[in-house]
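Everything on this sheet refers to the single structure shown next.
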Amino acid sequence: MTTQVEAELTAFTAATQELQFRIEQFYYYEAELLDEWKYHAWYDLFSTDSHYRLPVRRNRLRRQRFADEAAARGIEMAHFDADMKTLKLYVNQRESGSNWAEDPPSRTRHLITNVRIRSSADEAGSYDVRSNFLVYRNRLEAEVDLWAGERYDRLRPTDDGSFQIADRVVLLDQNVVLSKNLSVFF
């Protein structure tokens with residue numbers, strides 16, 4: 014193995030099995046809340062200073078590929094770029110009954126995989142977590158959408174042994190969103 018690969022594996026395998034289990038269970042609970050339309054409870058999983066971003070992806074040459082991921086942190090253009098106040102507006106809209114894009118509500122299934130954890134270099138006591146997702150949505154009778162991608166989260170432990178999402182960047186594996194709307198959370 015090369016030194017770079019060894020360093021990456023060491024950083025991601027530093028999490029104990031118990032921590033891995035707890036974080037995965039946290040993500041499964043989050044997915045359940047979204048699939049059951051419990052948006053206010055989902056919103057409560059975020060810290061008060063959190064940021065939720067879904068940048069627009071670009072097609073890049075092979076040698077420029079990682080510039081896309083790096084640029085996601087400083088977002089030039091985004092489908093979502095929400096602080097907690099803005100995210101609360103989205104959540105309130107979803108639960109108001111006046112969100113025409115979600116009436117009747119979509120049926121969704123959030124699948125979370127490949128959870129990789131490392132201690133945050135930027136915030137002591139927190140974890141930088143990378144995970145993959147697949148979100149299936151069925152609307153009305155025959156409309157089906159699939160989104161795949163990855164999430165970069167900063168998780169903070171809470172006093173009750175759970176976590177709060179302090180930051181989330183979602184990268185879709187497509188640069189053009191083909192669905193009629195983007196009324197789901199990832």
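For reference, each letter of the sequence shown is one residue, going 14 to 199 in the numbering used here.
By construction, the Cβ of each residue, glycine as well, lies at the ideal position given by its N, Cα and C atoms.
Residue i - DSSP class collapsed to helix/strand/coil
{"i": "residue 62", "result": "coil"}
{"i": "residue 5", "result": "Shown here, the chain extends from 14 to 199; a query on residue 5 therefore has no answer."}
{"i": "residue 127", "result": "strand"}
{"i": "residue 145", "result": "strand"}
{"i": "residue 114", "result": "helix"}
{"i": "residue 132", "result": "strand"}
{"i": "residue 43", "result": "helix"}
{"i": "residue 104", "result": "helix"}
Beta-ladder partner(s) of residue i, from DSSP
{"i": "residue 121", "result": "150"}
Cβ-based burial, residue i [other Cβ within 10 Å; buried from 16]
{"i": "residue 146", "result": "buried"}
{"i": "residue 198", "result": "buried"}
{"i": "residue 59", "result": "buried"}
{"i": "residue 67", "result": "buried"}
{"i": "residue 74", "result": "exposed"}
{"i": "residue 71", "result": "exposed"}
{"i": "residue 92", "result": "exposed"}
{"i": "residue 89", "result": "exposed"}
{"i": "residue 63", "result": "buried"}
{"i": "residue 111", "result": "exposed"}
Mind the definition here: the segment 171-189 touches the segment 102-120 only if three or more C-beta pairs lie below 8 Å; say whether that holds.
-> no
Three CB pairs or more closer than 8 Å across the segment 160-172 and the segment 125-140 | yes
Does the segment 29-36 come within contact of the segment 146-158, defined as at least 3 CB pairs closer than 8 Å?
-> no
Check whether the segment 47-64 touches the segment 124-137, counting contact only when three or more Cβ pairs, one atom from each stretch, lie closer than 8 Å.
-> no
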